[in-house]
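Novice:
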Amino acid sequence: GVGLAPETAAAVDLKVTEEPFFELLAGNPSYRGPVPDDPATHHFFRELEIDVPAEVLIVPAYLDDRLVAVLYGDAGEAGTVRGADEDYRRLKAQLEIGLHLLVLKRKLRQT
Numbered sequence: 018g019v020g021l022a023p024e025t026a027a028a029v030d031l032k033v034t035e036e037p038f039f040e041l042l043a044g045n046p047s048y049r050g051p052v053p054d055d056p057a058t059h060h061f062f063r064e065l066e067i068d069v070p071a072e073v074l075i076v077p078a079y080l081d082d083r084l085v086a087v088l089y090g091d092a093g094e095a096g097t098v099r100g101a102d103e104d105y106r107r108l109k110a111q112l113e114i115g116l117h118l119l120v121l122k123r124k125l126r127q128t
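18 is the number of the first residue of the sequence shown in this note's numbering; add one for each residue after it.
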């Protein structure tokens, strides 16, 4: 698709404990499938100014057991997310390593 306008995405207030997607991740390393058909989900996509997709991929990234980023992908209203789940998990692992290195570099500079 065309993606999100950066200013639209930045304006969305995402509360980890309240969004419907994070319930899908409970106890799972990632989620790939349909989105819940409920008011909270529809509100979330309205705020992003996009239609509710047929399928999403959500892969959380952690740093020292803290959620620091979420890899998100969808393929619009009628499509499915392309690529193997393992490819996205590898990307997540690389993101976590990169973030960890940034934190270590910052700590080294402060000493």
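From the three backbone atoms N, C-alpha and C, an ideal C-beta is built for every residue, glycine too.
Which same chain residues, not among the five before or five after LEU112, have their C-beta less than 8 Å away from its C-beta?
Specialist: Within the sequence shown, numbered from 1, the residue matching residue 112 stands at position 95. Closer than 8 Å at Cβ, skipping near neighbours: ALA78, ALA86, LEU88.
Novice: At the level of alpha carbons, what is the spacing between TYR105 and ASP81?
Specialist: As a first step, residue 105 must be located in the sequence shown, where it is residue number 88. As a first step, residue 81 must be located in the sequence shown, where it is residue number 64. Roughly 20 Å between the two C-alpha positions.
Novice: Taking buried to mean at least 16 other C-beta atoms within 10 Å of its own C-beta, is VAL120 buried or exposed?
Specialist: For this step, residue 120 is matched to residue 103 along the sequence shown. Exposed, by the Cβ-count rule.
Novice: Name, in chain order, the residues that DSSP records as bridge partners for ALA78.
Specialist: In the sequence shown, counting from the first residue as 1, residue 78 sits at position 61. Beta-bridge pairing links ALA78 to ALA86.
Novice: Would you call the CB atoms of VAL98 and LEU65 closer than 8 Å?
Specialist: Here residue 98 is taken as the residue at index 81 of the sequence shown, counted from 1. Here residue 65 is taken as the residue at index 48 of the sequence shown, counted from 1. Their beta carbons are not under 8 Å apart, which means VAL98 does not touch LEU65 by this criterion.
Novice: Does the beta-carbon of ILE75 have 16 or more other beta-carbons within 10 angstroms, so that it is buried, or is it exposed?
Specialist: Residue numbering aside, residue 75 sits at position 58 when the sequence shown is read from its first letter. The residue is buried, with at least 16 neighbouring Cβ atoms inside 10 Å.
Novice: How many Å lie between ARG83 and GLN127 at the Cα?
Specialist: As a first step, residue 83 is located in the sequence shown; it is residue number 66 there, counting from the start. As a first step, residue 127 is located in the sequence shown; it is residue number 110 there, counting from the start. Each residue's Cα considered, the two are about 22 Å apart.
Novice: I need the boundaries of the alpha helix (DSSP H) containing ARG99, first residue and last residue.
Specialist: Taking the sequence shown and counting its residues from 1, one reaches residue 99 at position 82. Per DSSP, ARG99 belongs to no alpha helix (DSSP H) and is neither H nor E.
Novice: Are ASP54 and PHE62 close, meaning C-beta to C-beta below 8 Å?
Specialist: Locating residue 54 in the sequence shown gives position 37, counting from the first residue. Locating residue 62 in the sequence shown gives position 45, counting from the first residue. No; because the gap between Cβ atoms is not below 8 Å, this pair is not in contact.
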